[in-house]
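J.:
Protein chains: 2
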Amino acid sequence: METKGSRSPAMTDVARLAGVSHQTVSRVLNDHPNVKEQTRLRVRAAIAELGYRPNRAARALVTGRSQLIGVVARNSMLYGPASMLTEFEQAAADAGFAVSVGSVRELDRDSISAVVDRHLDQRVAGLVVIAQVASATEALAEIPADVPVVFIDGDPAAGRPLVTVDQVAGARAAVRHLLEAGHETVWHVSGPTEWFDSAGRIHGWRQTLQEAGREVPPLLSADWSAAEGYRAGQMLARMPEVTAVFAANDHLAMGVLRALHERGRRVPHDVSVIGFDDVPEAAYFIPPLTTVRQSFGDVARAALTLLLGQMKEAPVPADTVIVPAQLVVRESVAPPA
Amino acid sequence: METKGSRSPAMTDVARLAGVSHQTVSRVLNDHPNVKEQTRLRVRAAIAELGYRPNRAARALVTGRSQLIGVVARNSMLYGPASMLTEFEQAAADAGFAVSVGSVRELDRDSISAVVDRHLDQRVAGLVVIAQVASATEALAEIPADVPVVFIDGDPAAGRPLVTVDQVAGARAAVRHLLEAGHETVWHVSGPTEWFDSAGRIHGWRQTLQEAGREVPPLLSADWSAAEGYRAGQMLARMPEVTAVFAANDHLAMGVLRALHERGRRVPHDVSVIGFDDVPEAAYFIPPLTTVRQSFGDVARAALTLLLGQMKEAPVPADTVIVPAQLVVRESVAPPA
DNA sequence: CCGAGCATTGTTATCGATAACATTTCCCAC
DNA sequence: GTGGGAAATGTTATCGATAACAATGCTCGG
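For the protein sequence lines, the chains are A and B, in the order given.
If you use this note's numbering, the first sequence corresponds to residues 1 to 337, in order.
If you use this note's numbering, the second sequence corresponds to residues 1001 to 1337, in order.
(1) To the nearest angstrom, report how far apart Asn75 of chain A and Thr63 of chain A are at their CA atoms.
(2) Got a sec: which bits of the stretch 75–92 of chain A sit with their beta carbon under 7 angstroms from any beta carbon on chain B, in order along the chain?
(3) Chain B beta carbons: is any one of them nearer than 8 angstroms to that of Tyr52 of chain A?
(4) Could you check where the beta strand (DSSP E) with Ala1248 of chain B kicks off and where it finishes?
(5) Please classify Lys1004 of chain B as buried or exposed, where buried requires at least 16 other C-beta atoms within 10 Å of its C-beta.
(6) In whole angstroms, what is the alpha-carbon distance linking Ala302 of chain A and Phe151 of chain A?
(7) Any residues in the stretch 1213–1227 of chain B with a beta carbon nearer than 8 angstroms to a beta carbon of chain A? Which ones, in chain order?
(8) Counting pairs of beta carbons, one from the stretch 1236–1248 of chain B and one from the stretch 1267–1285 of chain B, are three or more of them closer than 8 angstroms?
(9) In chain order, what residues of the same chain lie with their CB nearer than 6 angstroms to the CB of Met11 of chain A, ignoring the 5 residues before and after it?
(10) List, from N- to C-terminal side, the beta strand (DSSP E) runs of 3 residues or more that fit wholly inside the stretch 93–180 of chain A.
(11) Would you kindly work out how many angstroms separate the C-alpha atoms of Ala1253 of chain B and Ala226 of chain A, rounded to a whole number?
(12) Short of 6 angstroms in beta carbon distance, which residues of its chain neighbour Arg206 of chain A, apart from the five on each side in sequence? Order them along the chain.
(13) With a Cβ-Cβ cutoff of 8 angstroms, do Met1077 of chain B and Ser83 of chain A count as a contact?
(14) Can you tell me the Cα-Cα spacing of Val1163 of chain B and Glu180 of chain A, whole angstroms?
(15) Using 8 angstroms as the limit for Cβ to Cβ distance, is Glu1281 of chain B near chain A?
(16) Classify Val1329 of chain B as buried or exposed, calling it buried when 16 or more other Cβ atoms lie within 10 Å of its own Cβ.
(17) Is the CB-CB distance between Trp224 of chain A and Gly170 of chain A below 8 angstroms?
(18) Could you have a look at Val1028 of chain B and say whether DSSP puts it in helix, strand or coil?
(19) Over what stretch of residues does the beta strand (DSSP E) that includes Arg1056 of chain B continue unbroken?
(20) Is DSSP giving Thr1193 of chain B helix, strand or coil here?
(21) Does DSSP put Ile286 of chain A in a helix, in a strand, or in coil?
(22) For Arg40 of chain A, go through chain B and note every residue whose CB falls closer than 9 angstroms to its CB, in chain order.
(23) Applying the criterion that 16 or more other CB atoms from any shown protein chain within 10 Å of the CB defines a buried residue, is Met1 of chain A buried or exposed?
(24) Return the first residue and the last residue of the beta strand (DSSP E) that Val1328 of chain B is part of.
(25) Short check: CB of Gly1255 of chain B to CB of Glu1228 of chain B, under 8 angstroms?
(26) Counting only Cβ-Cβ distances shorter than 9 angstroms, please list the residues of the stretch 1093–1124 of chain B near chain A, keeping chain order.
(27) Are the Cβ atoms of Asp153 of chain A and Gln132 of chain A separated by less than 8 angstroms?
(28) Apart from the five residues just before and just after Leu306 of chain A, which ones in its own chain have a Cβ nearer than 6 angstroms to its Cβ?
(29) Pull the bridge partners of Ser272 of chain A from the DSSP assignment, please.
(30) Quick one: is Leu1140 of chain B near chain A, going by C-beta distance under 8 angstroms?
(31) Can you tell me which residues form a DSSP beta bridge with Ala377 of chain A?
(32) Quick one: give me the first and last residue of the beta strand (DSSP E) that Gln294 of chain A is part of.
(33) Using a cut-off of 7 angstroms between C-beta atoms, extract the partners of Gly255 of chain A located in chain B.
(34) Tell me where the alpha helix (DSSP H) around Leu50 of chain A begins and ends.
(35) Considering Glu1228 of chain B, what are the terminal residues of the alpha helix (DSSP H) in which it resides?
(36) Going along the chain, which residues of its own chain have a beta-carbon closer than 7 angstroms to the beta-carbon of Val165 of chain A, five neighbours each way excluded?
This is the structure in structure tokens:
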């Protein structure tokens, strides 16, 4: 019944039907205080009758800002970033914002800059940059100061509003759990070292070992894939002194598990393994994986809150939000044999 | 250097600098034929000098259409839908389109209708609906006929442009592979039966068994999670006559593997298992999973092509595109013991 | 009962692009 | 060299909203 006529109704159509000026309709729509209750109702009725919905493009044109939030993210199917995006979209939708995604193959300055420009063309109301690596931080210079921006997983030193998971604490919890189980030390298979996420987890790992006066084994660094976890696992499996491994994410952990299994080293009997992320499948690994859960939903909601705070010119509650991570104990950890 | 002044330059600024009218600038921007080469260059130079970028909102207002493609998808972190989205965004970006995501918690009529309306407010140039269940099809009535639409994984009978993976052929390949290995019959752990994806895989499974004159075992249906795969696997593990299982996706397969492992039934020695999707981790399951790969990238690109075809009023090449699926053989299948 | 002052409503300008139409310029055939 | 027609450019209207300002109408104190 809505789009029956030649085109969808505009504000003037509503105004005519309600017997007021289009400006009054605008006022009703924007909840301006000085509109008589009776008029307001009449306008609302007309809006409902016509099935009128405001034209965002027109509004964006005159206000210079849309109801659109731009997200800049690396094009990847990694569990973390993908979850992040979904959660953020959901939070934004609840707040009445649409989300425009701008993927980029690499987080280098030029790519990011291009995506940011595309978003600015659309007159986005704000930007969220999922900037896991340092090179992304440089591109921040491209973003005009008057556009609200929030970084996720970005550089804590960048001086922009930032939301991030407490990687260090998560890693500490994992390592402590292994030490408490009686292991002499813990090996670490990390993500790419340029990632802030990786850096935080490495830091937490090293720090915890040092505080306990344990030897810090050499770092095995990889990308985030099961394939590289497998490769690292093949090395570790060959070394009998390895009894505990902390993998920087669950997929790496899965690769490690496979490698250990192949060489006949049982988990957790011979080797204990902990992951990071708590992907939905983690409980069904062989064996069920003890891991560190990060709440992407919390990160997304915090990011949105920071963003909306900037838009309303309201005082921003805090510049940096750190979302806690939580150890989830399953069956991949045991005391050393 | 760009946004230095009070506001970004508009078309008239470019026109003034180039000594032409703003309309001529518009013509250059839109590659209209009747512009003298020399003028064109002068305008281009002015554009570059000012760092001018057209205001999409203004364009959208007057043309009634933006450079934005709306995607309607169920909010989920399932591998398939998430990959789909990423791939589509990438393809769209390459074609100069931004993508606005509208998630919905459930694919019921009202939710979809709300998201579609939000997209129409933004005057999207086209819509992509990832509509895996029948209830989503009903909501198609809400979409005005003049808005280009493509369905992904939708109802083949809906009479709208559709792109989908060849689920039936994929399932047939999987089942045939198991029969050729010598198994008497194949059990199937399916996804939710309302999903078209599930329906196609179930159909292919049943059809292949029947054609081979084999008994069709009762269907075990589940959601897409490892958790339900595990539950189904627990039942299957208890039945000695089960020697071959086709799981409707890799995560279900993972749950099945865990359950079999727990009950001491070895894969592939005692039971063979095949999955669907080929998630990046599939090669690192225990054992490496034989599965059916679907190319989300191909689906995304096909969808975009269909959409662009509709926009240009150009003749649409085909109404339905079926992307092939491909069996990936690893180590989870062997002849029965 | 009148006018100050606020509440309410209307009028007009504006955002920055494209569309439609008007106009000028140019080229070439006769 | 002139008229016709196409090529090139300019002018004005328009999309649909908000902003700024103008003009009412109402209330209440003196």
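Idealized CB from N, CA, C, for every residue including glycine.
All values derive from a computational prediction rather than experimental measurement.
T.: In brief:
(1) Taking the first residue of the first sequence as position 1, residue 75 of chain A is located at position 75. Taking the first residue of the first sequence as position 1, residue 63 of chain A is located at position 63. Going from the Cα of Asn75 of chain A to the Cα of Thr63 of chain A covers about 31 angstroms.
(2) Asn75, Met77, Ala82, Ser83, Thr86, Glu89 and Gln90
(3) Walking along the first sequence from the start, residue 52 of chain A turns up at place 52. No, no contact with chain B.
(4) As a position in the second sequence, residue 1248 of chain B is number 248, starting the count at 1. It is not in any beta strand (DSSP E) - Ala1248 of chain B carries neither H nor E in the DSSP assignment.
(5) For the purposes of this step, residue 1004 of chain B is taken as the residue at position 4 of the second sequence. Unreliable positioning characterises Lys1004 of chain B in this predicted model, as indicated by a pLDDT of 37, which lies under 50. A coordinate reading is not provided.
(6) Within the first sequence, the letter at position 302 stands for residue 302 of chain A. Within the first sequence, the letter at position 151 stands for residue 151 of chain A. Rounded to whole angstroms, Ala302 of chain A to Phe151 of chain A spans 11 angstroms at the Cα level.
(7) Ser1225, Ala1226 and Ala1227
(8) Yes, since at least three Cβ pairs between the stretch 1236–1248 of chain B and the stretch 1267–1285 of chain B fall closer than 8 angstroms, the two stretches touch.
(9) Sequence index remark: in the first sequence, residue 11 of chain A carries index 11 (1-based). Once the five neighbours on either side are set aside, the close Cβ partners of Met11 of chain A are His22 and Val25.
(10) Scanning the stretch 93–180 of chain A for uninterrupted beta strand (DSSP E) segments of 3 residues or longer gives 98–104, 126–130, 149–152 and 162–165, listed from N- to C-terminal end.
(11) Here residue 1253 of chain B refers to the residue found at position 253 when the second sequence is read from its first residue. Here residue 226 of chain A refers to the residue found at position 226 when the first sequence is read from its first residue. Between Ala1253 of chain B and Ala226 of chain A, the C-alpha separation is close to 17 angstroms.
(12) Here the question's residue 206 of chain A lines up with position 206 in the first sequence. Closer than 6 angstroms at the Cβ level, and outside the excluded window around Arg206 of chain A, lie Val216.
(13) What you label residue 1077 of chain B is simply residue 77 of the second sequence in a count that begins at 1. What you label residue 83 of chain A is simply residue 83 of the first sequence in a count that begins at 1. In this structure, Ser83 of chain A lies closer than 8 angstroms to Met1077 of chain B by Cβ.
(14) Position 163 of the second sequence, counting from 1, holds the residue named residue 1163 of chain B. Position 180 of the first sequence, counting from 1, holds the residue named residue 180 of chain A. Those two C-alpha atoms are separated by around 53 angstroms.
(15) Translated into positions along the second sequence, residue 1281 of chain B becomes position 281. Cβ-Cβ to chain A under 8 angstroms: yes for Glu1281 of chain B.
(16) In the second sequence, residue 1329 of chain B corresponds to position 329, counting from 1. Answer is exposed; the Cβ neighbour count stays below 16.
(17) Taking the first sequence and counting its residues from 1, the one referred to as residue 224 of chain A is at position 224. Taking the first sequence and counting its residues from 1, the one referred to as residue 170 of chain A is at position 170. No, the pair does not count as a contact, with Cβ atoms beyond the cut-off.
(18) Stepping through the second sequence from its first residue, residue 1028 of chain B is reached at position 28. Of the three classes helix, strand and coil, the one that applies to Val1028 of chain B here is helix, per DSSP.
(19) Here the question's residue 1056 of chain B lines up with position 56 in the second sequence. Here Arg1056 of chain B belongs to no beta strand (DSSP E); instead the alpha helix (DSSP H) covers Arg1056 to Thr1063.
(20) If you number the second sequence from 1, residue 1193 of chain B lands on position 193. Coil at Thr1193 of chain B, not helix or strand.
(21) Indexing the first sequence from 1 puts residue 286 of chain A at position 286. The three-state reading of DSSP puts Ile286 of chain A in coil, since its state is none of H, G, I, E or B.
(22) Your numbering for residue 40 of chain A matches position 40 in the first sequence. Annotation: Arg40 of chain A has no Cβ neighbours in chain B at a cutoff of 9 angstroms; minimum Cβ distance is about 22 angstroms.
(23) The residue you call residue 1 of chain A lines up with position 1 of the first sequence. Reliability fails at Met1 of chain A, whose pLDDT of 34 lies under 50, so the model's placement of it is uncertain and no value is given.
(24) Numbered from 1 along the second sequence, position 328 holds the residue referred to as residue 1328 of chain B. Ala1325 to Val1328 is the extent of the beta strand (DSSP E) around Val1328 of chain B.
(25) Start at 1 with the first residue of the second sequence, and residue 1255 of chain B comes out as number 255. Start at 1 with the first residue of the second sequence, and residue 1228 of chain B comes out as number 228. Yes, they are a contact pair.
(26) Ala1093, Gly1096, Ala1098, Val1099, Ser1100, Val1101, Gly1102, Ser1103, Val1104, Arg1105, Val1115, Asp1117, Arg1118, His1119, Leu1120, Asp1121, Gln1122 and Arg1123
(27) On the first sequence, residue 153 of chain A is found 153 positions in, with the first residue counted as 1. On the first sequence, residue 132 of chain A is found 132 positions in, with the first residue counted as 1. Their beta carbons are under 8 angstroms apart, which means Asp153 of chain A touches Gln132 of chain A by this criterion.
(28) Translated into positions along the first sequence, residue 306 of chain A becomes position 306. Excluding sequence neighbours, Leu306 of chain A sits near Val150 and Pro161.
(29) For the purposes of this step, residue 272 of chain A is taken as the residue at position 272 of the first sequence. Its beta-bridge partners are A:Ala244.
(30) Your numbering for residue 1140 of chain B matches position 140 in the second sequence. With 8 angstroms as the cut-off, Leu1140 of chain B does not count as an interface residue toward chain A.
(31) Outside the displayed span of chain A (1 to 337) sits residue 377 of chain A, for which this structure offers no information.
(32) Position 294 of the first sequence, counted from the first residue, corresponds to residue 294 of chain A. Segment Thr291 to Gln294, the beta strand (DSSP E) holding Gln294 of chain A.
(33) By one-based count along the first sequence, residue 255 of chain A stands at place 255. What Gly255 of chain A touches in chain B: Tyr1284.
(34) For the purposes of this step, residue 50 of chain A is identified with residue 50 of the first sequence, where counting begins at 1. Looking at the DSSP string, the run of the alpha helix (DSSP H) that includes Leu50 of chain A is Glu37 to Leu50.
(35) Position 228 of the second sequence, counted from the start, is the residue given in the question as residue 1228 of chain B. Per DSSP, Glu1228 of chain B belongs to the alpha helix (DSSP H) from Ala1226 to Arg1238.
(36) For the purposes of this step, residue 165 of chain A is identified with residue 165 of the first sequence, where counting begins at 1. If we look at Val165 of chain A and ignore the five residues flanking it on each side, its Cβ neighbours are Gln294, Val299, Val323 and Ala325.
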